[in-house]
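> Quick one: the structure is below, and I'll ask about it shortly.
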Amino acid sequence: MIEYFGGVGQYARKNRIDMNLINTMLNEVRRQDFDNVLEINVKNNEVESTVKAFYEDVVKDALFHQKGKFFLGGGLRLDKYNEKKLKQACDFCEINEETQFKVKEVVESYINTYNNKAFLLLKINDKTPRELFEDKFLKKMFETGYKLLDGEHICHLCGKKGEVFEKFGYSFYTNDKLIYSCINDKDKWGIVVCLDCLTNILFARKYIEKFLLTYWLDCNVMFIPHYFDETVASIYESSKIENDGSVTSFLKRLRTHENDVISDIGKTKSLTDMVFYSEIPKNKSWKIYHTITSVLPSRFSKIAKLLTDHELTFWQIFNIITNVKVIGKNAETTLKEKLRFLDAIFHGKKIDRNLFFKRVMAYYKVKYLADEHRKYLVMRSINKVYNFLVDCGCLNKGVKQMDYKDYHELFLANPQYFDSDEKKAWFILGRVFDYINYNMKGYSKSEGSDKTSLEKKFFFARKFDYQDFIYFCNLLEDKAIKYNITTNYFKNMITEAKLYMANSKNQLSFDEAKYLFFWGIDSYFKKSEEDKEMEE
36 MIEYFGGVGQ YARKNRIDMN LINTMLNEVR RQDFDNVLEI NVKNNEVEST VKAFYEDVVK
96 DALFHQKGKF FLGGGLRLDK YNEKKLKQAC DFCEINEETQ FKVKEVVESY INTYNNKAFL
156 LLKINDKTPR ELFEDKFLKK MFETGYKLLD GEHICHLCGK KGEVFEKFGY SFYTNDKLIY
216 SCINDKDKWG IVVCLDCLTN ILFARKYIEK FLLTYWLDCN VMFIPHYFDE TVASIYESSK
276 IENDGSVTSF LKRLRTHEND VISDIGKTKS LTDMVFYSEI PKNKSWKIYH TITSVLPSRF
336 SKIAKLLTDH ELTFWQIFNI ITNVKVIGKN AETTLKEKLR FLDAIFHGKK IDRNLFFKRV
396 MAYYKVKYLA DEHRKYLVMR SINKVYNFLV DCGCLNKGVK QMDYKDYHEL FLANPQYFDS
456 DEKKAWFILG RVFDYINYNM KGYSKSEGSD KTSLEKKFFF ARKFDYQDFI YFCNLLEDKA
516 IKYNITTNYF KNMITEAKLY MANSKNQLSF DEAKYLFFWG IDSYFKKSEE DKEMEE
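Using this note's numbering, read the sequence shown as starting at 36 and increasing by one per residue.
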């Protein structure tokens with residue numbers, strides 16, 4: 036992954052006039068954390084102080100850099116004040132010990148009188164550290180901050196031999212820890228980079244922070260193109276004026292306009308890595324949760340088209356297929372599971388079929404028990420997700436999404452899915468259940484109940500094996516006798532379901548059988564509804 040930062044950095048060095056090397060090394064601070072800037076100007080060993088309104092570029096004037104225990108520059112966050120760092124800032128600005136004591140008195144008096152929501156900027160004879168100590172700052176950063184190694188070594192990125200640096204501005208916490216470990220330890224491997232590659236990486240970091248990062252699927256994510264030029268940059272640097280007049284950058288629109296953004300990434304004509312991570316504020320290191328590597332541009336285009344064709348978002352997809360457990364009326368998921376499925380989708384990896392049906396039926400169960408399965412067309416959504424995954428290459432045996440006059444037409448139009456008599460039997464049995472339940476509704480209302488005795492039974496507790504199929508058939512026939520349901524429509528369906536099951540080979544998973552049963556219940560066929568009306 037880190038090797039592709041070089042291409043981004045090369046572009047930024049050449050084309051981004053708003054970026055320079057020193058600025059890539061400086062920390063950024065948030066305006067909302069500060070009220071003021073406390074300027075302390077040292078003239079002839081005397082100390083003058085001035086309070087000004089806070090401005091974000093004060094870190095540039097101060098040459099402020101801090102990462103972990105390493106601190107450099109002539110500025111200090113007073114909200115994280117300690118004497119040791121104040122002394123380091125004074126030493127950097129070459130302030131003598133006696134004057135340092137005066138500076139300390141002014142700083143602590145300000146904090147005690149006002150508050151600590153200020154940034155300290157040291158000046159020498161009215162000049163900022165940037166005006167006086169740029170060369171000193173760069174020398175310290177390269178020698179200490181990025182750890183210049185003794186002797187000559189081979190750069191891991193470009194292969195050139197010469198001076199190299201052990202650190203390059205990133206700390207990673209991944210399964211590849213050894214790759215990024217200290218090279219001075221003979222028992223560990225490490226990456227070292229030359230000055231040119233280090234500079235590219237530093238420019239890349241600033242560029243990535245500005246244009247290639249966003250928050251998506253409950254996680255920070257960066258998009259790293261393997262090849263970077265003006266065409267690629269024009270896409271990632273673009274923005275859009277929204278209806279309310281606000282301007283939204285390209286990747287920030289990913290949460291609200293997935294299809295458009297993913298489609299445009301496909302136009303970069305570059306392989307792309309997606310890196311999902313969190314930043315650890317204490318030491319500015321990254322914890323990488325998952326990387327989806329080398330995604331083809333054509334794959335981005337295809338996924339965008341499929342999302343549009345199936346009228347889906349990734350939030351809807353993962354809401355249905357990534358629940359790892361169900362507690363009460365809530366289906367819970369994890370980031371790890373979402374990213375695992377996302378990886379499968381973008382690479383067309385196969386998803387375990389049984390796991391898919393287990394997950395979707397757990398989701399359906401939550402909605403069914405809340406009596407929301409028809410209100411929100413849950414089965415229709417499950418079918419859309421199923422066919423989306425088929426088109427992605429993650430599952431097989433898709434179903435054509437169209438209106439059918441009856442289930443016979445459904446079976447005939449989709450032989451690749453309805454390829455066994457057992458599937459047909461469970462689907463038809465669901466239709467029988469819905470028909471009997473429909474006819475029982477009038478009796479239930481007259482008895483003061485919103486639900487029929489069939490609806491009150493907890494069918495999700497059943498295994499949905501052959502024995503359960505027989506149990507359901509007997510139950511439905513008993514209800515038909517009790518409620519005097521004698522139509523040919525009912526008799527033909529129950530007979531047809533039994534005949535199909537008699538010829539089955541019992542190869543269907545229990546969860547897929549459950550899916551077919553409830554799909555049959557929730558499906559709508561125009562001819563079936565007309566038959567009901569005529570038979571009543």
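Glycine included, C-beta positions come from ideal geometry on N, C-alpha and C.
Every value quoted in this text rests on a predicted model; they were computed, and no experiment measured them.
Thinking C-alpha only, which one of R375, Y398, L342 is nearest N365?
With distances taken between Cα atoms, N365 lies closest to Y398.
> Starting from V361, follow its DSSP beta bridges and name the residues at the other end.
BP columns for V361 point to A366.
> Across the region 271-279 and the region 368-378, are there enough close Cβ pairs to call them in contact, namely three or more that are closer than 8 angstroms?
Touching, no, given that fewer than three Cβ pairs across the two stretches are closer than 8 angstroms.
> Can you tell me the Cα-Cα spacing of N62 and R240, whole angstroms?
Straight-line Cα distance between these residues: approximately 12 angstroms.
> Please report how far the alpha carbon of D546 lies from the alpha carbon of N354, in whole angstroms.
When rounded, the distance between both Cα atoms is 18 angstroms.
> Does DSSP classify N79 as helix, strand or coil?
Coil.
> Which same chain residues, not among the five before or five after K514, have their C-beta less than 6 angstroms away from its C-beta?
For K514, where only same-chain residues beyond five positions count, the Cβ hits under 6 angstroms are I471.
> Determine the direct distance from the alpha carbon of Y312 to that of T209, and round the result to whole angstroms.
Reliability fails at T209, whose pLDDT of 46 lies under 50, so the model's placement of it is uncertain and the value that follows must be treated cautiously. Answer to the nearest angstrom: the Cα atoms are 10 angstroms apart.
> Among the residues of its own chain, which have a CB less than 6 angstroms from the CB of Y39, if the five just before and after it don't count?
Excluding sequence neighbours, Y39 sits near I259, H261.
> Use the C-beta contact count for V77: other C-beta atoms within 10 angstroms, 16 or more gives buried, fewer gives exposed.
The residue is buried, with at least 16 neighbouring Cβ atoms inside 10 Å.
> Check the C-beta distance from L464 over to F552 and give it rounded, since I have them as a contact under 8 angstroms.
With 8 angstroms as the limit, L464 and F552 qualify as a contact, their Cβ atoms being about 6 angstroms apart.
> Going by beta carbon distance, what residues of the same chain come within less than 8 angstroms of D222, once the five residues before and after it are set aside?
For D222, the predicted structure reports a pLDDT of 47, less than 50, and the residue's modelled location is therefore unreliable. A value from the coordinates is still provided. The answer is none, since no qualifying residue turns up.
> Got a sec? Which residues, its chain only, sit under 7 angstroms from V227 by beta carbon, not counting five neighbours each side?
Closer than 7 angstroms at the Cβ level, and outside the excluded window around V227, lie L184, H188, C190, H191, V199, F200, E201, I218.
> Whole angstroms are fine: how far does the CA of N79 sit from the CA of K139?
Answer to the nearest angstrom: the Cα atoms are 17 angstroms apart.
> In chain order, what residues of the same chain lie with their CB nearer than 6 angstroms to the CB of D220, ignoring the 5 residues before and after it?
For D220, the predicted structure reports a pLDDT of 49, less than 50, and the residue's modelled location is therefore unreliable. The matter cannot be settled from this model.
> Would you mind giving the Cβ-Cβ distance between L511 and V467, rounded to the nearest angstrom? I have them listed as a contact below 8 angstroms.
Right, their Cβ atoms sit about 6 angstroms apart.
> Expressed to the nearest angstrom, what Euclidean distance is found between the alpha-carbon atoms of K402 and D426?
Spanning the two alpha carbons is a distance of roughly 26 angstroms.
> Apply the 10 Å Cβ neighbour rule to M437 and answer buried if 16 or more other Cβ atoms are within range, or exposed otherwise.
When all chains shown are included, M437 counts as exposed.
> Cα-Cα, which of F263, L155, L98 is closest to I75?
Closest option to I75, Cα to Cα, is L155.
> Can you tell me the Cα-Cα spacing of I159 and F246, whole angstroms?
Cα to Cα, the separation comes out at about 36 angstroms.
> Cβ of T303 within 7 angstroms of Cβ of I338?
Result no, Cβ atoms of T303 and I338 do not sit closer than 7 angstroms.
> What residues match up with G110 in a beta bridge as DSSP calls it?
According to DSSP, which records beta bridges pairwise, G110 is partnered with L156.
> Counting only runs of 4+ residues fully inside the region 36-93, write out the alpha helix (DSSP H) ranges in chain order.
Entirely contained in the region 36-93, the alpha helix (DSSP H) runs reaching 4 residues are, in chain order, 37-50, 56-60.
> For the pair the region 45-60 and the region 132-149, tell me if three or more CB-CB distances fall below 8 angstroms.
They do not touch, by the three-pair rule.
> For the structure I just gave you, are there three or more beta carbon pairs, one from the region 283-297 and one from the region 248-255, closer than 8 angstroms?
Yes, they touch.
> Assuming Y335 and G42 make a contact with CB atoms under 8 angstroms, what is their CB distance in whole Å?
According to the sequence provided, residue 335 is Phe. The question's Tyr does not apply to it. Actually they do not touch by this definition, with Cβ atoms about 18 angstroms apart.
> Tell me which residue opens and which closes the beta strand (DSSP E) that E129 is part of.
Element bounds for E129: n/a, residue is neither H nor E.
> Check this for me: beta carbons of L98 and G108, under 7 angstroms apart or not?
Yes, the pair counts as a contact, with Cβ atoms nearer than the cut-off.
> Residues in the same chain with beta-carbon distance under 8 angstroms from N418, minus the five sequence neighbours each way, listed in chain order, please.
For N418, where only same-chain residues beyond five positions count, the Cβ hits under 8 angstroms are V434, Q436, W554.
> Only counting the same chain, and skipping five residues up and downstream in sequence, which positions put a Cβ closer than 7 angstroms to that of V256?
T249, M309, V310, F311.
> Tell me the DSSP secondary structure of T303 in three-state form.
T303 falls in the coil class under three-state DSSP.
> In terms of residues, what are the limits of the beta strand (DSSP E) holding S416?
Per DSSP, S416 belongs to no beta strand (DSSP E); it is in the alpha helix (DSSP H), 413-427.
> In angstroms, rounded to a whole number, what distance separates the CA positions of G44 and Y550?
Roughly 51 angstroms separates the two Cα atoms.
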